[in-house]
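Visitor: Going down the list, the protein sequences come from chains W and U. Residue numbering for the first sequence follows UniProt numbering, starting at 1 and increasing by one per position. Residue numbering for the second sequence follows UniProt numbering, starting at 1 and increasing by one per position. The beta-carbon is built from N, C-alpha and C at its ideal position, and this holds for glycine as well.
Number of protein chains: 2
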Amino acid sequence: MYLIKVKVTYKESILDPQGQSVCNACHQLGFEGVRDVRVGKYFEVTLDVAASEVDETVRALCTELLVNHTMETYTYEISGISEVLA
Amino acid sequence: MYLIKVKVTYKESILDPQGQSVCNACHQLGFEGVRDVRVGKYFEVTLDVAASEVDETVRALCTELLVNHTMETYTYEISGISEVLA
Numbered sequence: 001m002y003l004i005k006v007k008v009t010y011k012e013s014i015l016d017p018q019g020q021s022v023c024n025a026c027h028q029l030g031f032e033g034v035r036d037v038r039v040g041k042y043f044e045v046t047l048d049v050a051a052s053e054v055d056e057t058v059r060a061l062c063t064e065l066l067v068n069h070t071m072e073t074y075t076y077e078i079s080g081i082s083e084v085l086a
Numbered sequence: 001m002y003l004i005k006v007k008v009t010y011k012e013s014i015l016d017p018q019g020q021s022v023c024n025a026c027h028q029l030g031f032e033g034v035r036d037v038r039v040g041k042y043f044e045v046t047l048d049v050a051a052s053e054v055d056e057t058v059r060a061l062c063t064e065l066l067v068n069h070t071m072e073t074y075t076y077e078i079s080g081i082s083e084v085l086a
């Protein structure tokens, strides 16, 4: 069993209005040191496949479902989780 | 200058309907090995403060703006970024 942590963000060239509004809110709350904010999606996927298939499955999941490739880019981390037997 | 990576997820006890619908979609696409999906928010914040203030500033940002403490929990990573002088 594996825990996959996927971070999805906009590509650099894409405008991030949500990030800009969070950045403005930071300034209004007095956080003057905030220079830029990028907002993205975060997924934690529990995956039960053979070790040899994990990487390929994660890439296929991101390609087919989790990421909009026109506008977004992604990174992921794979960590093994030992099953807690009842 | 620092790059702060903040991952915000629902607390374990909170139902995650968005995660469940992504999980169902995974199964419909044939990814039978997916056991669970949790969906959260991801922020990349560029912060220009003194080294001694970084940690405290990040916690205050999360407490006051980025995280809904009733339902969400968060983790963050701090990495230094050297300023590229024009």
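Give the DSSP bridge partners of K7/W, in chain order.
Guide: In DSSP, K7/W forms a bridge with Y42/W and T75/W.
Visitor: Under 8 angstroms between beta-carbons, which chain W residues line up against E12/U? List them in chain order, please.
Guide: Simply none; closest approach about 11 angstroms.
Visitor: Does the beta-carbon of I81/W have 16 or more other beta-carbons within 10 angstroms, so that it is buried, or is it exposed?
Guide: Its Cβ having fewer than 16 others within 10 Å, I81/W is exposed.
Visitor: Tell me whether D16/U is buried or exposed, calling it buried when 16 or more other Cβ atoms sit within 10 Å of its Cβ.
Guide: With 16 or more Cβ atoms within 10 Å of its Cβ, D16/U is classed as buried.
Visitor: What would DSSP say about V22/U, mapped onto helix, strand or coil?
Guide: Of the three classes helix, strand and coil, the one that applies to V22/U here is helix, per DSSP.
Visitor: So, do the segment 66 to 73 of chain W and the segment 50 to 63 of chain U have three or more beta carbon pairs nearer to each other than 8 angstroms?
Guide: Cβ pair count under 8 angstroms is below three, so no.
Visitor: DSSP three-state call for L29/W: helix, strand or coil?
Guide: Coil.
Visitor: Hey, is G40/U's beta-carbon within less than 9 angstroms of any beta-carbon in chain C?
Guide: As a matter of chain content, chain C is missing from the structure shown, whose protein chains are W and U.
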